[in-house]
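Visitor: Protein chains in written order, with my numbering: chain A, 9 to 449; chain B, 9 to 449. Glycine residues also receive a C-beta, built at the ideal position from the N, C-alpha and C atoms. Sharing a structure, written as structure tokens. Questions coming.
2 protein chains.
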Amino acid sequence: MTHVHGGPHLRAAILAVGDELTLGQTADTNSAWLAHRLHQLGILAVEFNTVPDNLARHSAALRRLADVADLVIGTGGLGPTADDLTRPALAQAMDDHLVEDMVALAQVEAFFAARGRPMPDINRAQAQRPSRGRSLANLHGTAPGLWGIVNGVDVFCLPGPPGEMKPMFEQQVVPRLRPDPGRVVRTRALHCFGIGESDAATRLGAMMARTSMPLVGTTASAGVVSVRLRFEGPATPADADAALDLTERDIRTRLGEFIFGQDEDRLPSVVLALLRTRGETLACVESCSGGLLASMLTDIPGSSSAFLGGIVAYANPAKSALVGVDPHILEIPGPGAVSAECAAALALGGLERLRADHALAITGIAGPDGAVPARDGVPAKPVGTVFIARAARDQPADVRRFEFPGDRAAVRRWSALTALAMLRFHLAGLPTPKLLRQVSP
Amino acid sequence: MTHVHGGPHLRAAILAVGDELTLGQTADTNSAWLAHRLHQLGILAVEFNTVPDNLARHSAALRRLADVADLVIGTGGLGPTADDLTRPALAQAMDDHLVEDMVALAQVEAFFAARGRPMPDINRAQAQRPSRGRSLANLHGTAPGLWGIVNGVDVFCLPGPPGEMKPMFEQQVVPRLRPDPGRVVRTRALHCFGIGESDAATRLGAMMARTSMPLVGTTASAGVVSVRLRFEGPATPADADAALDLTERDIRTRLGEFIFGQDEDRLPSVVLALLRTRGETLACVESCSGGLLASMLTDIPGSSSAFLGGIVAYANPAKSALVGVDPHILEIPGPGAVSAECAAALALGGLERLRADHALAITGIAGPDGAVPARDGVPAKPVGTVFIARAARDQPADVRRFEFPGDRAAVRRWSALTALAMLRFHLAGLPTPKLLRQVSP
Numbered sequence: 009m010t011h012v013h014g015g016p017h018l019r020a021a022i023l024a025v026g027d028e029l030t031l032g033q034t035a036d037t038n039s040a041w042l043a044h045r046l047h048q049l050g051i052l053a054v055e056f057n058t059v060p061d062n063l064a065r066h067s068a069a070l071r072r073l074a075d076v077a078d079l080v081i082g083t084g085g086l087g088p089t090a091d092d093l094t095r096p097a098l099a100q101a102m103d104d105h106l107v108e109d110m111v112a113l114a115q116v117e118a119f120f121a122a123r124g125r126p127m128p129d130i131n132r133a134q135a136q137r138p139s140r141g142r143s144l145a146n147l148h149g150t151a152p153g154l155w156g157i158v159n160g161v162d163v164f165c166l167p168g169p170p171g172e173m174k175p176m177f178e179q180q181v182v183p184r185l186r187p188d189p190g191r192v193v194r195t196r197a198l199h200c201f202g203i204g205e206s207d208a209a210t211r212l213g214a215m216m217a218r219t220s221m222p223l224v225g226t227t228a229s230a231g232v233v234s235v236r237l238r239f240e241g242p243a244t245p246a247d248a249d250a251a252l253d254l255t256e257r258d259i260r261t262r263l264g265e266f267i268f269g270q271d272e273d274r275l276p277s278v279v280l281a282l283l284r285t286r287g288e289t290l291a292c293v294e295s296c297s298g299g300l301l302a303s304m305l306t307d308i309p310g311s312s313s314a315f316l317g318g319i320v321a322y323a324n325p326a327k328s329a330l331v332g333v334d335p336h337i338l339e340i341p342g343p344g345a346v347s348a349e350c351a352a353a354l355a356l357g358g359l360e361r362l363r364a365d366h367a368l369a370i371t372g373i374a375g376p377d378g379a380v381p382a383r384d385g386v387p388a389k390p391v392g393t394v395f396i397a398r399a400a401r402d403q404p405a406d407v408r409r410f411e412f413p414g415d416r417a418a419v420r421r422w423s424a425l426t427a428l429a430m431l432r433f434h435l436a437g438l439p440t441p442k443l444l445r446q447v448s449p
Numbered sequence: 009m010t011h012v013h014g015g016p017h018l019r020a021a022i023l024a025v026g027d028e029l030t031l032g033q034t035a036d037t038n039s040a041w042l043a044h045r046l047h048q049l050g051i052l053a054v055e056f057n058t059v060p061d062n063l064a065r066h067s068a069a070l071r072r073l074a075d076v077a078d079l080v081i082g083t084g085g086l087g088p089t090a091d092d093l094t095r096p097a098l099a100q101a102m103d104d105h106l107v108e109d110m111v112a113l114a115q116v117e118a119f120f121a122a123r124g125r126p127m128p129d130i131n132r133a134q135a136q137r138p139s140r141g142r143s144l145a146n147l148h149g150t151a152p153g154l155w156g157i158v159n160g161v162d163v164f165c166l167p168g169p170p171g172e173m174k175p176m177f178e179q180q181v182v183p184r185l186r187p188d189p190g191r192v193v194r195t196r197a198l199h200c201f202g203i204g205e206s207d208a209a210t211r212l213g214a215m216m217a218r219t220s221m222p223l224v225g226t227t228a229s230a231g232v233v234s235v236r237l238r239f240e241g242p243a244t245p246a247d248a249d250a251a252l253d254l255t256e257r258d259i260r261t262r263l264g265e266f267i268f269g270q271d272e273d274r275l276p277s278v279v280l281a282l283l284r285t286r287g288e289t290l291a292c293v294e295s296c297s298g299g300l301l302a303s304m305l306t307d308i309p310g311s312s313s314a315f316l317g318g319i320v321a322y323a324n325p326a327k328s329a330l331v332g333v334d335p336h337i338l339e340i341p342g343p344g345a346v347s348a349e350c351a352a353a354l355a356l357g358g359l360e361r362l363r364a365d366h367a368l369a370i371t372g373i374a375g376p377d378g379a380v381p382a383r384d385g386v387p388a389k390p391v392g393t394v395f396i397a398r399a400a401r402d403q404p405a406d407v408r409r410f411e412f413p414g415d416r417a418a419v420r421r422w423s424a425l426t427a428l429a430m431l432r433f434h435l436a437g438l439p440t441p442k443l444l445r446q447v448s449p
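Below is the structure:
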């Protein structure tokens, strides 16, 4: 492949660097973020690659990726320490040597000065760049980025910490990108809850053929099935949008009320928006999910306009003291903390104590321990057994029993999302169907 | 590179497949998990690669990775739909064709039968395998895995959902691995809180040289600085452990009380273990972190033995109604919800209402909105301003003001971890130093 430097950026490759990544100690979230942003800008990521802190592998990866893409973006390896090798790796891939950049050095020194500290000696290395490359200013940390040309292809190297990488991408990389003005990449996603991936695919049928344009695919995670549409090719943006509109309408006919949102929508944001529209409020009371549901809701900016707060009633005394659950429910021979009765009492207690219009309550066995054996006509409760109650003022609570799959984290995630899905059906004025993994009533 | 099939597995490459990954819609957590597990088994991951749902790129990646590693593990692309291409991609990389596996078909049918449903037609494709390959049973979903040989190298293809991938790896792949008995890979990590990465590196000095064995590197995330040690090479396990012991002792001398744990230890698990040792209990009261601290604690199996529960006092009325904060603190001209006074009142209210031995409280401005302008001698509170209070029975609360960097998620994460770090210093009997990002007192 030959590249004319200055041609359009159509296909990107993304490189993440660090022993902590290839040793599995840290999850790489940068590559997905970059791919998503590039895609919004009309540039398709065709490959991610991750290599350890190893000069030879790192520079070889930069060269190889410059051969499969016309834009390479790397993250990591720009710190001040001896295991940060992006500077020499880029120089090697460019057949270049390193020089000290006076402006970059001044910026690193200024970063420390602003915090009232002298620059440690080791940070001086961060001001190095390939002699034919450029330093990229970092306003949020000490590591300047780098920009160089490898085999005619633009290579941008950004710091690993997302809080530094993201603003540097926006400020230093985006203005230098050249998406093809004649080519359009447009995506859309429709998110469903309450239907399995196989059933969704069956309903979509031939729409999912690999030869269709827009392309239609599905992904599933903890009960959420996302249908993803992609238009890619030479077209005007208006034509691409029209094709997506047509396909979206068809998908909506086939999946109907299971679709709760699209694109950036998530169940917490959709539920909060529905509450806001109705001018109503929510409280939640959690046992086995232990604050995860509240955390998902408060992760959304502006959630305070509809979410009042919650109670993590983890130990049984907290269920009584904080939420007013009758101790007879919790103690043998009562039904116990993991029961429909307890879920309903938690939801009603949350409604009342937070004076909310709606409440969600979750109690169950997230595992790995805690399974309850059968006794006297009461069937066993295996790990994954969860009761969810949705209550609204002056209405009977909707309480359901589930058996969720997977480990502790998966059971907690399924629980929180299923609770939100129950409320979403209710707020949207739809009957709540029997949900995935629901075992009764 | 030539490979003799049946030789040891020394270097692994990990491939993740899916448009949702390269489009940045979904984060890949499988690769890091696999690398970590392989490493524990003495096999080093030398590269991760991610490609879209594209037959040519997929089979080319399998071939290339079989050339840089002697073991390839792939995830994803084994679903029933038309965009699941791992079966033909592996066949193509093997120069083979697909056949239907009778046993695999029976297993897929049995999976549906156990759930009282007939197998949808499209799931039949999941029983296909290369004619010279093997199907791997999936006890947790419909997608059988695949095992084939590409260029003399073992290639295992596992399903994308972690709940199916992980058990299949343990049950079907691990017994087939052949780590080199003469070569040792051993890692260790020491986790610090309260010291910056540059300062830690300065204290470690020449230990971090790339020529040292064990190799020593650092990573940083939301205030946690991890020092990672790796011994790799021909040695007995005992010699490798002795070398790591020596280096660890040296690191402990240099970083002392900042080290809160090692390896799998996380601040929540360390704090819970310290509480358990002392037979004491914890409650937490959260405003801007909105349940994240409680969720981090309850994510740990067995947390119920020390964590009683918490209150997410998000809206101001909840702070008064649920925790008893004096409304005069919350209302102008009082100091307001984001203040040392409010943090202390939340912590003391949590102690009392949950009858706990210790309480942590967090109140602040996670952003992006909510910054408080200066008024009458009270300085402004920018986004990222957070007050954290740690209280114990019959002792004055320790209340500190921070300005945390980054977006909403980062501020919430820093807040929760810093609160845990304050409690950890206290429980360990150490004076709590001025922490990173602390601005007063």
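Exposed or buried, which one is T150 (chain A) when buried takes at least 16 other CB atoms within 10 Å?
Guide: Classification of T150 (chain A): buried, given that the 10 Å Cβ count is 16 or more.
Visitor: Is G87 (chain B) closer than 9 Å to Q134 (chain B) when the C-beta atoms are compared?
Guide: Contact: yes.
Visitor: Determine the burial state of A214 (chain A): buried for a count of at least 16 other Cβ atoms within 10 Å of its Cβ, exposed for fewer.
Guide: Exposed, since its Cβ has fewer than 16 Cβ neighbours within 10 Å.
Visitor: For the stretch 189-270 of chain B, list the alpha helix (DSSP H) runs that are entirely contained and at least 4 residues long, ordered along the chain.
Guide: Here the runs fully enclosed are 205-212, 245-263.
Visitor: Under 8 Å: do the stretch 92-109 of chain A and the stretch 34-50 of chain A share three or more Cβ pairs, one atom per stretch?
Guide: Flag = no, the stretch 92-109 of chain A and the stretch 34-50 of chain A do not touch.
Visitor: Is the CB of S297 (chain B) under 9 Å away from at least one CB in chain A?
Guide: Closer than 9 Å: yes.
Visitor: Give me the chain B residues within the contact set of Q115 (chain A), using Cβ-Cβ distance strictly less than 7 Å, ordered along the chain.
Guide: Going along chain B, no residue has its Cβ under 7 Å from Q115 (chain A), so there is no contact; the nearest lies around 15 Å.
Visitor: Leaving out the 5 sequence neighbours to the left and right, which residues in its chain are closer than 6 Å to R142 (chain A) when beta-carbon positions are compared?
Guide: Hits under 6 Å: W155.
Visitor: 9 Å is my cut-off, CB to CB: does P88 (chain A) come that close to chain B?
Guide: Yes, its Cβ sits closer than 9 Å to a Cβ of chain B.
Visitor: Chain A beta carbons: is any one of them nearer than 9 Å to that of N146 (chain B)?
Guide: No, because no Cβ of chain A sits closer than 9 Å to the Cβ of N146 (chain B).
Visitor: In whole angstroms, give me the CA-to-CA distance for A112 (chain A) and T227 (chain A).
Guide: If you take the alpha carbons of A112 (chain A) and T227 (chain A), they lie about 43 Å apart.
Visitor: Determine, for F239 (chain A), whether the minimum Cβ-Cβ distance to residues of chain B falls below 9 Å.
Guide: It does not; no Cβ of chain B falls within 9 Å.
Visitor: Is the beta carbon of E28 (chain B) closer than 9 Å to that of S234 (chain A)?
Guide: In contact: S234 (chain A) and E28 (chain B) (Cβ atoms closer than 9 Å).
Visitor: Can you tell me the Cα-Cα spacing of A427 (chain B) and L368 (chain B), whole angstroms?
Guide: Rounded to whole angstroms, A427 (chain B) to L368 (chain B) spans 7 Å at the Cα level.
Visitor: Which runs of the beta strand (DSSP E) at least 3 residues long sit entirely within the stretch 300-381 of chain B? Give them in chain order.
Guide: Runs of the beta strand (DSSP E) inside the stretch 300-381 of chain B: 315-321, 366-372.
Visitor: Decide if G269 (chain B) is buried, meaning its Cβ has at least 16 other Cβ atoms within 10 Å, or exposed.
Guide: Per the 10 Å Cβ criterion, buried.
Visitor: Bridge partners of Q446 (chain B), per DSSP?
Guide: BP columns for Q446 (chain B) point to B:F410.
Visitor: Using a Cβ cut-off of 9 Å, pull out every chain A residue sitting near T195 (chain B), in sequence order please.
Guide: Within 9 Å Cβ-Cβ: L31, Q33.
Visitor: In whole angstroms, what is the alpha-carbon distance linking E108 (chain A) and R184 (chain A)?
Guide: Straight-line Cα distance between these residues: approximately 23 Å.
Visitor: Using alpha carbons as the reference points, say which of B:P16, B:L23, B:P413 lies closest to L166 (chain B).
Guide: That would be B:L23, whose Cα lies nearest to the Cα of L166 (chain B).
Visitor: Against chain A, which members of the stretch 351-368 of chain B pass a CB distance test of less than 8 Å?
Guide: Under the 8 Å Cβ criterion, the stretch 351-368 of chain B contributes R361, L362, R363.
Visitor: Classify G130 (chain A) as helix, strand or coil using the three-state DSSP reduction.
Guide: According to the sequence as given, residue 130 (chain A) is Ile; it is not Gly. It is helical.
Visitor: Which of the three DSSP states is assigned to D162 (chain B) in this structure?
Guide: Strand.
Visitor: CA-CA distance, V386 (chain A) and G287 (chain B)?
Guide: Straight-line Cα distance between these residues: approximately 34 Å.
Visitor: Can you tell me whether DSSP reads N62 (chain B) as helix, strand or coil?
Guide: Three-state result, N62 (chain B): coil.
Visitor: Any beta carbon of chain B sitting closer than 9 Å to that of H17 (chain A)?
Guide: Chain B contact via Cβ: absent.
Visitor: Could you tell me which whole beta strand (DSSP E) segments of length 3 or greater appear in the stretch 34-116 of chain A?
Guide: As far as the stretch 34-116 of chain A is concerned, its whole beta strand (DSSP E) runs of at least 3 residues are 52-59, 79-83, 106-108.
Visitor: Got a sec: which bits of the stretch 275-303 of chain A sit with their beta carbon under 9 Å from any beta carbon on chain B, in order along the chain?
Guide: Cβ contacts with chain B come from T289, A291, C292, E294, S295, C296, S297, G298, G299, L300, L301, A302, S303.
Visitor: Are R123 (chain B) and L300 (chain B) touching if we call contact CB-CB under 9 Å?
Guide: Cβ atoms of R123 (chain B) and L300 (chain B): not closer than 9 Å.
Visitor: Any idea which residues DSSP pairs L23 (chain A) with across the strands?
Guide: Paired residue(s): A:N57, A:G82.
Visitor: Taking Cβ-Cβ distances shorter than 9 Å, what residues in chain B pair up with I267 (chain A)?
Guide: Within chain B, no residue comes near I267 (chain A); the closest Cβ sits about 16 Å away, beyond 9 Å.
Visitor: Going by the CB atoms, is the gap between A197 (chain B) and R236 (chain B) shorter than 9 Å?
Guide: Against a cut-off of 9 Å, the Cβ pair of A197 (chain B) and R236 (chain B) comes out as a contact.
Visitor: At a CB distance below 8 Å, what residues from the stretch 376-400 of chain B approach chain A? Give them in sequence order.
Guide: Of all residues in the stretch 376-400 of chain B, P376, D377 have a Cβ within less than 8 Å of some Cβ in chain A.
Visitor: Taking the beta carbon of H336 (chain B) as the centre, do at least 16 other beta carbons fall within 10 Å, making it buried, or is it exposed?
Guide: When all chains shown are included, H336 (chain B) counts as exposed.
Visitor: Where does L18 (chain B) fall in DSSP's three states?
Guide: Coil.
Visitor: Assign R451 (chain B) to one of three DSSP states: helix, strand, or coil.
Guide: Coverage of chain B is limited to positions 9 through 449, which leaves residue 451 (chain B) absent and any answer about it impossible.
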